[in-house]
Amino acid sequence: MIMKNALILLGCPESPSQTPMAIYASYKLNNLGYDVTIASNPAASKLIKISDPENNYINKIIDLDRCLNTLEEGQYDLLLGFVHKDAAASFFVTFDQILNTKSIALVFEKDEKLIDEYVEMVKSSTNAEILAVKAFHNPNPIKIKLDKALENI
Amino acid sequence: MSFCLDTYLQQSDDYEILTANAGFKDCAMIIRFKADEVVNVKPGESVLGVRIIGIPPIPIGINEDKGTILFPYTKPCHGTSVIELPIDKDEIDALKKLAIED
């Protein structure tokens with residue numbers, strides 16, 4: 001069986017829900033048969049690496065800039081992006097347009113106006129499945145949305 | 001060796017940051033306002049060896065008299081900035097070939 005590849009795209013690690021959700025998403029996608037790579041900046045990578053010291057859930061982490069520079073259409077079968085800042089929406093749309101593959105945007109923020117703004121940025125330029133939810137410290141609302149989406153993948 | 005914008009910005013003083021830590025839409029507006037000419041490109045296009053990040057159509061400004069371009073530069077924790085950099089004439093020609101419809 002040919003293994004499918006998934007890319008988890010992280011944003012700024014300022015949002016407390018990002019690191020646990022990245023590890024959880026990697027665990028779920030591994031169980032669904034995906035070979036998972038996480039693309040992140042150095043600050044977000046450190047949080048992930050310290051949280052999973054024996055690589056039980058995380059297989060590969062790649063530097064965000066290096067990943068972008070070498071990214072090609074079809075390189076991954078699934079893009080899962082964490083969209084909780086304006087910059088994260090820009091990165092997600094860019095990765096989506098280059099990869100031209102199935103994509104899911106996890107949009108979360110504590111401010112509902114910002115959620116609407118990020119959803120609009122993603123919606124206007126991609127065919128991504130958008131999972132939008134109000135969340136900041138508590139990752140459970142994001143987890144519930146992701147679990148439902150992954151049931152249908 | 002490929003061009004590294006981060007290194008260039010650290011080691012040069014011939015560029016200008018027109019705005020920093022902003023949202024993409026504001027940066028796009030500044031580029032359209034400040035540039036004599038604007039070329040719209042797709043996200044991921046390579047300009048000066050840098051892959052352009054943003055929401056399409058992404059404006060790249062050209063000030064041909066000054067020999068500079070203005071483009072959005074996004075970092076995950078610092079939002080989007082507008083950078084004005086000197087550029088060669090042949091690189092401006094290459095940039096114009098990337099143009100998409102607005």
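Chains as they are written, first to last, in our numbering: chain A, 1 to 153; chain B, 1 to 102.
For each residue, glycine too, the CB sits at the ideal point set by N, CA and C.
All figures in this text were calculated on a predicted structure; none of them were measured in a lab.
Residues in its own chain within less than 6 angstroms of residue i by CB, not counting five upstream and five downstream?
i        : result
A/Asn5   : Asp35, Tyr76, Asp77
B/Cys27  : Pro72, Thr80, Val82
A/Phe136 : Lys110
B/Ile53  : Thr74
How about residue i and residue j: do their beta carbons lie closer than 7 angstroms?
i        : j        : result
A/Leu9   : A/Phe95  : yes
B/Lys42  : B/Pro56  : yes
A/Val176 : A/Ala89  : What is shown of chain A runs 1 to 153, which leaves residue 176 of chain A out entirely.
A/Ile58  : A/Ile48  : yes
B/Ile62  : B/Ile92  : yes
B/Gly49  : A/Ile98  : no
A/Val83  : A/Thr126 : no
B/Leu18  : B/Glu84  : yes
A/Asn100 : A/Glu73  : yes
Tell me which same chain residues have a C-beta within less than 7 angstroms of the C-beta of residue i, skipping the five on either side of it?
i        : result
A/Ile153 : Leu32
Check the Cβ of residue i against every Cβ in chain B and list those closer than 8 angstroms, keeping chain order.
i        : result
A/Val188 : Any question about residue 188 of chain A goes unanswered here, given that chain A covers just 1 to 153.
A/Cys12  : Pro76, Cys77
A/Leu64  : Pro76
Could you name the residues of chain A that residue i contacts, counting a contact when the two beta carbons are closer than 8 angstroms?
i       : result
B/Phe24 : Asp86, Ala87, Ala89, Ser90, Met121
B/Thr7  : Under the 8 angstroms cutoff, chain A gives no residues; its nearest Cβ is about 12 angstroms from B/Thr7.
Could you name the residues of chain A that residue i contacts, counting a contact when the two beta carbons are closer than 7 angstroms?
i       : result
B/Ile53 : Ser90, Phe91, Thr94
By the criterion of Cβ-Cβ separation under 9 angstroms, what are the contact partners of residue i in chain B?
i       : result
A/Ala43 : Pro76, Cys77
A/Gln97 : Lys42, Pro43, Gly44, Pro56
Chain A partners of residue i, CB-CB under 9 angstroms?
i       : result
B/Thr80 : Asp86, Ala87, Ser90
With a CB to CB cut of under 8 angstroms and the five nearest residues on each side skipped, what residues in its chain are close to residue i?
i       : result
B/Met1  : At B/Met1 the pLDDT is 46, less than 50, meaning the model places this residue with poor confidence; the figure from the coordinates comes in the next sentence. Excluding positions up to five away in sequence, the list is empty.
A/Ile23 : Ile48, Ser51, Asp52, Tyr57, Ile58
B/Tyr15 : Tyr8, Leu9, Ile83, Glu84, Leu85, Pro86
Please compile the residues from chain B whose C-beta is within a distance smaller than 7 angstroms of the C-beta of residue i.
i        : result
A/Leu68  : Arg51
A/Ser125 : Ile55, Pro56
Practice item. Evaluate the contact criterion for the region 101-112 of chain A versus the region 132-146 of chain A: three or more CB pairs, one atom per stretch, below 8 angstroms. Key: For the pair of segments examined, the region 101-112 of chain A was found to touch the region 132-146 of chain A: the number of CB pairs separated by less than 8 angstroms reaches three.
Exercise for review: Taking a Cβ distance cut-off of 7 angstroms, strictly less, list which residues of the region 31-51 of chain B are near chain A, in chain order.
Suggested key: Of all residues in the region 31-51 of chain B, only Lys42, Pro43, Gly44, Arg51 come within less than 7 angstroms of chain A when Cβ atoms are compared, listed by chain position.
Review point. Per the contact definition of three or more C-beta pairs closer than 8 angstroms, is the region 31-46 of chain B in contact with the region 7-15 of chain B?
Key: The region 7-15 of chain B makes no contact with the region 31-46 of chain B, as fewer than three CB pairs between them are under 8 angstroms.
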